[in-house]
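> Quick one: the structure is below, questions incoming.
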Amino acid sequence: MHRTGELYGQFKTLDQQKDTANLGMWMFLVTEVMFFGGIMLAYTINRHVYFAAFAMGSNTLSLPAGGFNTVVLLASSFTMVMAVWSAQVGKKNLITIFLLLTIALGFVFFGVKYEEYSQKYYHHLIPGKHFDIDFCVNNPSSCSDISPEALAIEREELEKAHVADPDLNSHAQLYYSAYFGMTGLHALHMVIGVGLLLWLVKQSLAGRFTPEYNNPVDIVGLYWHFVDLVWIYLFPLLYLIDRHK
Amino acid sequence: MSLMSSQQPSITSRQYEMPEHNYLNGTYGIRSWLLTTDHKRIALLYLASVTFFFFIGGFFAMMIRLHLLTPNGYLLSPDTYNRMFTMHGVAMIFFFLIPSIPAVLGNFLIPLMIGAKDLAFPKINLLSWYVYIVGGSFTLYSMITGGLDTGWTFYTPLSTVYSNSAVAPAVIGVFITGFSSILTGLNFLVTVHTMRAPGMTWFRLPLFVWAHYATSVVMILGTPVIAITLALAAMERLFGLGFFNPAMGGDPILFQHLFWFYSHPAVYIMILPAMGVISELIPTFARKQLFGYHFVAAASLAIAVIGFLVWTHHMFLTGQSTYAAIAFSFLTFIVAIPSAVKVFNWVATLFGGSISFDTPMLYAFGFLGLFLIGGLTGLFLGCLGTDIHIHDTYFVIAHFHYIMVGGAVMGYLGGLHFWWPKITGRMYSEWLARLAAVILFVGFNLTFFPQFVLGYLGMPRRYHMYPPEFQVYNVMSTAGASILAVGYLLPMIYLVWAAFFGKVAGPNPWPATGLEWKTPSPPPTENFEVTPEVTWEPYDFHNRPDLGLEPGNGGGHVIHPAPAHGDD
Amino acid sequence: MQSPLPFFPEQASSFANNVDTLFGFIVLTCVFFVVLVAVLCVFAMYKYRRKRPAEIGDTVNGNLFLEIGWTTIPLLIALLIFAWGSVIYVNFRTAPADTLDIYVIGKQWMWKLQQPNGRKEINELHIPVNRNVKLIMGSEDVIHDFYVPAFRAKMDVVPGRYNTLWFRPTKVGKYHFFCSQYCGTNHAVMGGWVTVQDPAEYAAWLSGDTGDLNPVSAGEKLFAQLACNTCHIPNGSGRGPSLNGVYGAKVLLADSTTVTADDSYIRESILQPKAKIVAGYQPVMPTFQGLVTEEQILNLTAYVRSLQTQPVPAKGAGIAPVTTGKK
């Protein structure tokens, strides 16, 4: 369908076009809820059955890293809101600035996540043949990033966990399957979100967004907030299962 | 009786010209098709692709039936046989039945029926076809390279650990195709909400649109769940995650729960649109408003909602808790009621009508009979006491083929015959079409009715060989399948022929009341010259002088005399 | 004996008649509705056939009482069938107390069945007539399903858990059983025969010499093969506790709790030795997960059970009151 100005051919008015796009994004978010819901259900059932292993797995995550990333994402939601607001009031330069800030915060998140993932790799916590929940305790020299005190606590926790769950290693591996599955899926959504933001930056630099027409900013904003919200669920589910330290 | 004299409506006896500008001749070349955002052209792309998968699946079905002609099955090796029935199921369910009516007829008709120029998101519509093609390619790749022998249900740990076939590409293919379905459903929902023409209120929507609305709800709520489940299964197969693997502490029953949470509602993705087609056909060919319009519309929504609450009736014998089984059996009986309400309303519509026996109506009658049998035999399976015996036997096979083939495919073919003059602008041979309809009806019953008996006798499904006492019914079934094959080839041939050489049909050959019949056949690219305004109730023949019919004495009632003038 | 076109399989269990009666009732319900709809349709097709090309129908488009009627009546019939079926199902899932227990292991693509006295069969099951039989079923690989059409009984056999299936055969004879859950290549040949015999005949069959080791001897042999006997020395001098007299007794654990040494404790100790450490012993026993089959565990358990009557050593026993250690 050909386009007249900002109005696509299948629509009669800009209002109709806007309502349609918003409704479409909300419907899409509904499917996303079901999508994450499936893996969260698998997580919840296994966490219930193998609580000790899941708690142990959770305690090997870095709470400061997860907490920091939560703050980063909340901040990025704020800058996204500001970008939407700037579009609505027609401050064209501010749109671009806030969009770029949002992207920057997204990259900070990726950076921290990359650090966390690579640490898990060196600690033999990637599900598969080499998975070994006891690796760091048994090979302290390979895990120099963990302080001896923290390692001592971990050793104690591991001993208890081994008693509570004789097959700790495979069940901790289930935890890490859930961890990588859920955070990986979330990170994939972030990547797509950053792609959309870059596209918005291009449009914004071309000056396309006006108080009358700013719907793309609006619905990408919806998406971005949803992805943040998912993290708000993932953080306690994965990092805060059983913190006694 | 159904082959009585050919009573063509007066309008079709007139000579028509093909409209000068239509969606088929606006632009030419392969690019204009592959990059089109016109919902009508995308519908045709889908038509070609689902037909392709239908014949692939049909070929597998034919191999299965030929192999089962003798108890020891000399035709195929066990592994090949297992691949045949698995790939038959995968091709037919994920690549034919689920997209068939929504993506072909729904895509073509929903904007026309509600008076819109296109769907809400034309580019996403095209994207969904490409996603379908990518998913289909993965699955074809799996079929060609290693085959697939897990059964279409992909039960773990057979699929994730023990199978030696190309499971991963097939699962990834189905996963990808799921997104095509999600995008289509999303597009339909939004379109129905925001794109209706002036005067097209919710309760003036054709029931075809209501049915697709309900279907879309199931698509967007259910499909993501199967997507994530299959993604986990694929990762388990490729990287050894353990969610569904008992050897690692996982639970294979969890896979079944997640799988059926989608795959039971998916049955309604397949049958609801067919019900929508029947709700169009019966009023048109009985020339009478549909009986109980509101109840039929509500029944569609009720089926979509309750359909989400019955999934463990596929799992009564996995050792699940007795109480859960009783609760789900109860809900299963509840979901049967809206379907019964629909059947009664369709039958009631016939009374006082003026019934003709054009081909689409033959399909509608065929649907009524076969869907009725399919639905009623569901009682045996939803009922805990009898399910113990017939679960996982040929009784199940017969039951769901009555719903899927007798219901969904009959509805699809009925719809194709009904709207073919709208899609192509030309009529097919009525005589051949009626013949094909009758062949299909006979062949279908001969194929699948014996399987009910086989199932009750205790023949389990997915068997490449069977005790000799089951042979008689298997021979009957194979004979029926051969007839059925002819029945499916016929429409393929004469419909394609008609698309090029058939008699020009004119805008409203039957005539019917929907908005899609108020525009030329085939419609112009923008669907309507001017946006239509709706001032009449759905399926109302009495206040429609434009149809050229005489209101009056169908069934002896004379009501609302209105001037009959024949020009459109 | 059989007609060329049979409709019902033989009835050979206490369930068969109940299931068939309900089946018959639903068939009648279906026939009633199919005939009703067919008659209405054919009548309408004739009476309301189009007589003139331009004719249209009347304006009737609904009737609330009809809608209520054809919602309620099918609902009531559905609920009746639901209730009736649920009663049968609850009976089917609730095994009586006095059953003859038979262990069943499904694996790709065969069934191994074992009588209480240890007699083993492959793809054959002998049972006495008119006796409640309970199958306790596990799988070594994928999901299977044990199905005897003549008994109208079936149940999935799921890896990682035990499912049970009970029935009461009522007629002497030979009946097919099948695997009814698709399980891979030879799914179709994973079946065999159930032979229902007179009690006397069954007893004779059961005592017949078949060359099978009884579970105790098989377990003893395995105990040596797996080198269990190098640690679990009967006089209590080994790295593991003596197993004499352990079965059925209380065992003192390292965390000062006690546990009764029953079948599931022994199973767990073989598969997950670190789960419960006997007081006074080190957790040195390796896991036998993946090294022993379900069937071998049953044999080992039977052997440990046979040591119940052996003299318990003063030092190194596994039993609670004595100061002692790890199995």
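Protein chains in written order, with the working numbering: chain A, 134 to 378; chain B, 235 to 802; chain C, 236 to 562.
Glycine included, every Cβ here is placed at the ideal spot set by N, Cα and C.
All figures in this text were calculated on a predicted structure; none of them were measured in a lab.
Closest by CA to B/Q523, which one among B/Y773, B/P356, B/S399?
It is B/Y773 whose Cα lies nearest to the Cα of B/Q523.
> Looking only at its chain, what residues have a beta carbon closer than 6 Å to the beta carbon of B/Q803, apart from the 5 residues adjacent to it on each side?
The requested residue 803 of chain B does not occur in the structure, where chain B is confined to residues 235 to 802.
> To the nearest angstrom, report how far apart A/M215 and A/A320 are at their CA atoms.
Roughly 23 Å between the two C-alpha positions.
> Which first and last residues belong to the alpha helix (DSSP H) in which A/V363 is found?
Its alpha helix (DSSP H) spans residues 348–372.
> Cβ atoms of B/W654 and B/Y646: under 8 Å apart, would you say?
No, the pair does not count as a contact, with Cβ atoms beyond the cut-off.
> Give the residues of chain A in contact with B/V539, contact being defined as C-beta atoms less than 9 Å apart.
Result: empty, since nearest Cβ-Cβ is about 14 Å, beyond 9 Å.
> Take B/A746 as the anchor and find which of B/A295, B/L515, B/I568, B/V730 has the nearest alpha-carbon.
Residue B/L515 is the option with its Cα nearest to B/A746.
> Any Cβ of chain B within less than 8 Å of the Cβ of C/N252?
Closer than 8 Å: no.
> List the residues of chain C whose Cβ lies closer than 8 Å to the Cβ of A/H295, in chain order.
Result: K509.
> Going by the beta-carbon positions, is the gap between B/N708 and B/L300 smaller than 8 Å?
Their beta carbons are not under 8 Å apart, which means B/N708 does not touch B/L300 by this criterion.
> Mind pulling the chain A residues with CB within less than 7 Å of B/I462?
Chain A residues near B/I462: F168, G171, I172.
> Count the other C-beta atoms from every protein chain shown that fall within 10 angstroms of the C-beta of B/S239, then say buried if there are 16 or more, exposed otherwise.
For B/S239, the pLDDT reaches just 39, beneath the cut-off of 50, and the residue's location in the model is therefore unreliable, although a value from the coordinates is still provided. It counts as exposed.
> Report yes or no: is there a C-beta of chain B within less than 8 Å of the C-beta of A/D152?
Closer than 8 Å to some Cβ of chain B, the Cβ of A/D152 qualifies, so yes.
> Which parts of the stretch 461–527 of chain B are runs of the alpha helix (DSSP H), unbroken and 4 residues or longer, counting only runs that do not cross its ends?
Listed in chain order, they are 486–520.
> Indicate whether A/I352 and A/A154 have their beta-carbon atoms separated by less than 8 Å.
For A/I352 and A/A154, yes; Cβs fall inside 8 Å.
> So, B/F591 versus C/F317, is the Cβ gap smaller than 8 Å?
No; because the gap between Cβ atoms is not below 8 Å, this pair is not in contact.
> Have a look at B/G433 and B/V443 and give me their C-alpha separation to the nearest angstrom.
When rounded, the distance between both Cα atoms is 15 Å.
> Around the Cβ of A/L367, are there at least 16 other Cβ atoms within 10 angstroms (buried) or fewer (exposed)?
Buried.
> Does DSSP put B/C617 in a helix, in a strand, or in coil?
Looking at B/C617 - three-state DSSP - the assignment turns out to be coil, as it is neither helix nor strand.
> Have a look at B/I410 and A/F184 and give me their C-alpha separation to the nearest angstrom.
Answer to the nearest angstrom: the Cα atoms are 33 Å apart.
> Using a Cβ cut-off of 8 Å, pull out every chain C residue sitting near B/D313, in sequence order please.
Simply T420.
> On the three-state DSSP scale, how would you describe A/D375?
The answer is coil: DSSP assigns A/D375 none of H, G, I, E or B.
> Return the CA-CA distance between A/Q143 and A/R136, expressed in angstroms with no decimal places.
Rounded to whole angstroms, A/Q143 to A/R136 spans 9 Å at the Cα level.
> Assuming B/N341 and B/H427 are in contact, meaning their beta carbons sit under 8 Å apart, how far apart are those beta carbons, in whole angstroms?
17 Å between Cβ atoms; not a contact.
> Rounded to the nearest angstrom, how far is the Cβ of C/Y324 from that of B/G619, given a contact under 8 Å?
At roughly 6 Å, the Cβ-Cβ gap stays under 8 Å, so C/Y324 and B/G619 are in contact.
> Specify the secondary structure class of C/S248 as computed by DSSP and reduced to three states.
C/S248: strand per DSSP, three-state reduction.
> Under 7 Å Cβ to Cβ from A/K298, same chain only, skipping five residues before and after it: list those, please.
The amino acid at residue 298 of chain A is misidentified as Lys; the sequence shows Asp. So the qualifying residues of the chain are Y183, A185, A186, H304.
> Cβ closer than 9 Å: which chain B residues qualify as neighbours of C/M345?
Simply none; closest approach about 15 Å.
> Quick one: measure Cβ to Cβ for C/G483 and C/Q543, integer angstroms, because I've assumed they're closer than 8 Å.
Yes, C/G483 and C/Q543 are in contact; Cβ-Cβ is about 6 Å, under 8 Å.
> How many angstroms separate the CA atom of C/K407 from the CA atom of A/E165?
The question names Lys, but residue 407 of chain C in the sequence shown is Val. Near 58 Å, if we compare the C-alpha coordinates of A/E165 and C/V407.
> List the whole-angstrom C-beta distance separating C/Y516 from C/P476, where the pair is believed to meet the contact cut-off of C-beta under 8 Å.
C/Y516 to C/P476, Cβ: 6 Å. Contact.
> Measure the CB-CB distance between B/G369 and B/A400 and report whether it falls below 8 Å.
The answer is no: Cβ separation not under 8 Å.
> By Cβ distance below 7 Å, which residues in the same chain neighbour B/I358 in space, the five residues on each side in sequence not counted?
So the list reads L417, N421, once near-sequence residues are dropped.
> Span of the alpha helix (DSSP H) holding C/L335?
Note, C/L335: premise wrong, no alpha helix (DSSP H); beta strand (DSSP E) at 335–342.
> Taking its Cβ as the centre, do 16 or more other Cβ atoms sit within 10 Å of C/V547, making it buried, or is it exposed?
So C/V547 ends up on the buried side.
> Looking only at its chain, what residues have a beta carbon closer than 6 Å to the beta carbon of C/T245, apart from the 5 residues adjacent to it on each side?
Note that residue 245 of chain C is Glu in the sequence shown, not Thr. A385.
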